[in-house]
């Protein structure tokens, strides 16, 4: 459902999702992402928010639930504003984020 | 305090918007599965919810509320179940136009105290059928039953795979909070059913609204009518849930030549004609002297309770209090809408006078709503229909059940009855699922032969007038 690619030298984390991100699947996803963010925070020591660039790669995603949209928003709020992005959405997902009003807050491409 | 309300409104709308985003990914089959599950859950709880609404509001009759819940679930579902509301909904090769249905987004639904559970069931079904999340404002007088109805629907929707927060119930709060939600920029549409104040607030919110207002339904019994049939239908309709349906009969109008027969029939069927003194007593409790509109304390009460409160004795088993009036307007308080078994009665010297009384009553607070006629003379039915300003002209039909549709006619079953511009509404139709979609039209190139074969230079020649141009334009080349 999610694989992490962490480029520690470039301070860059990519979360690559796949399949249907429905409410059920999002239950474990939320925890996995949260753990990863905590890991990053601890690695950075005293900083409140991870200073790394974090991207949600949607290349292989076919469906997103409102729970996943909430995960995006929570992650965005945990990061430094300019460091979070949702990338590689197909046009249908792009529209879904648009309807949710998320692309007003953060970059969705 | 205001900041808290803004925060709460934003939270509700954020949830609704996320639900809308998820919902728009559903196909017709997934959508229909949700609607079917919610219909079944609502239907299976029809008696429990009816009893709950009756107990909480003290309005109407629980058995009739069961029938309202049946109409709001079974009849509404039957009416919308096969309708296409997702993706391509029509394709016309001749016109080159393909229609695509898109959901609207979060819909704010306001519910009346008179039909709380049935309105929640109906509005929820048509919103889900069109993939729109619904935010339901519980009426303060029916909060528990609105909350329970929404809970039952929401659980059934989730069970069938609907998005989280596709149904949200807003407990009865302040008027300010309701207005805040109405005018929230993330609301796509307001479905307002209630009094004129509420409908006006919805239309003034800055968001699109389908608001429907009050009625004041006149029913004309023509000399050609089957009188016992007409009287029996009127009684069944006016006493249904103690007259709480806005399409219920408010006055009966007849020609004097059949007065004796009609009065005898009403009396035979257990209706009581009030004396002039008794009319005054009923007026004093039924109509607020300040506003001139009905008092909420008599809404949905039985004839015997109203008579008791007015301090008059009526025969046991009386179904309707009949008030024979000579005029219309402020000086005749019972000529306005009364959602209780009180019926104004007008006997006029001839047909034309009767129709003029109908016009006056129709325009007294009920423009665009519904009217009724009992007749077996097609010419008179047509003449009457053309003279009324009503979205529904119900012929030989009880107006309460007739206007709602699906029982006595083929109108779409609805608990939100459009009243047209006369009632300050956008439509005269019975509001149903198809009013809750944005229809996009793919317009393929189909050049207008008349336009392209016309010599455009002629438009610039001022000596050619409209007749000459039209003649040229319509020339069959």
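Protein chains in written order, with my numbering: chain A, 1 to 109; chain C, 110 to 586.
Where is the CB? At the ideal position from N, CA and C, for every residue including glycine.
Quantities reported herein were computed from a predicted structural model and do not represent experimental measurements.
The beta strand (DSSP E) runs of length 3 or more contained entirely in the segment 296-360 of chain C are, from start to end of the chain, 298-302, 318-321, 326-330. With a beta-carbon spacing of about 7 Å, residue 353(C) and residue 224(C) fall inside the 8 Å limit used to define contacts. Residue environment analysis places residue 233(C) among the buried positions, since at least 16 neighbouring C-beta atoms fall within 10 angstroms of its C-beta. Here the alpha carbon of residue 273(C) sits roughly 6 Å from the alpha carbon of residue 128(C).
At a cut-off of 7 Å, the C-beta of residue 66(A) has a neighbouring C-beta in chain C.
Remark: C-beta atoms of residue 376(C) and residue 421(C) do not approach each other more closely than 7 Å.
Here the alpha carbon of residue 482(C) sits roughly 26 Å from the alpha carbon of residue 392(C). The alpha-carbon separation between residue 463(C) and residue 178(C) amounts to approximately 36 Å. Taking residue 551(C) as the centre and dropping the five residues before and after it, the same chain places the C-beta of 207 closer than 6 Å to its C-beta, in chain order. Look at the segment 71-85 of chain A: it has no residue with a C-beta under 7 Å from a C-beta of chain C.
Interface flag for residue 294(C) against chain A is unset, since no Cβ pair is found closer than 7 Å. Within the segment 121-145 of chain C, the residues whose Cβ lies closer than 7 Å to any Cβ of chain A are, in chain order, 126, 127, 128, 129, 130, 131, 133, 134.
Residue 432(C) places its beta carbon less than 7 Å from that of residue 443(C). From the beta-carbon of residue 268(C), no residue of chain A is found nearer than 8 Å; the closest lies around 12 Å away. Residue environment: residue 260(C) is assigned as exposed (fewer than 16 neighbouring CB atoms within 10 Å of its CB, all protein chains considered). Shortest Cα-Cα distance from residue 379(C) to any of 359(C), 356(C), 409(C), 348(C) involves 348(C). For residue 96(A), a Cβ of chain C is located within less than 7 Å of the residue's own Cβ. Straight-line measurement puts the Cα of residue 160(C) at about 12 Å from the Cα of residue 257(C). When the alpha-carbon of residue 499(C) is set against those of 445(C), 350(C), 325(C), 397(C), the nearest one is in 325(C). Ranked by Cα distance from residue 21(A), the options 35(A), 63(A), 33(A), 2(A) are led by 63(A). By a beta-carbon distance limit of 8 Å, residue 524(C) does not contact residue 182(C). Their separation comes to about 11 Å. In this structure, residue 180(C) and residue 227(C) form a Cβ contact; the two beta carbons are roughly 7 Å apart against a cut-off of 8 Å. Judged by pairs of C-beta atoms under 8 Å, the segment 463-478 of chain C touches the segment 532-547 of chain C, as three or more such pairs exist. Taking a Cβ-Cβ threshold of 9 Å, the residues of chain A close to residue 274(C) are 66, in chain order. For the pair residue 55(A) and residue 169(C), the Cα-to-Cα distance works out to about 59 Å. Residues of chain C whose Cβ lies closer than 7 Å to the Cβ of residue 69(A) are, in chain order, 127, 130.
Residue 398(C) sits exposed, since fewer than 16 C-beta atoms from the chains shown fall within 10 Å of its C-beta. Using a 10 angstroms sphere on the CB of residue 116(C), the tally of other CB atoms stays under 16, which defines it as exposed. Collapsing the DSSP output to three states places residue 57(A) in a strand.
Taking a 10 Å sphere around the C-beta of residue 510(C), we find 16 or more other C-beta atoms and assign the residue as buried. Within chain C, the residues whose beta carbon sits less than 8 Å from that of residue 63(A) are 134, listed in sequence order.
DSSP places residue 431(C) inside the beta strand (DSSP E), whose first and last residues are 429-433. Of the residues 149(C), 583(C), 336(C), the one whose Cα lies closest to the Cα of residue 186(C) is 149(C).
For residue 164(C), the uninterrupted alpha helix (DSSP H) segment begins and ends at 155-166. Straight through space, the alpha carbons of residue 285(C) and residue 110(C) are spaced by roughly 11 Å.
CA-CA distance, residue 34(A) to residue 107(A), rounds to 20 Å.
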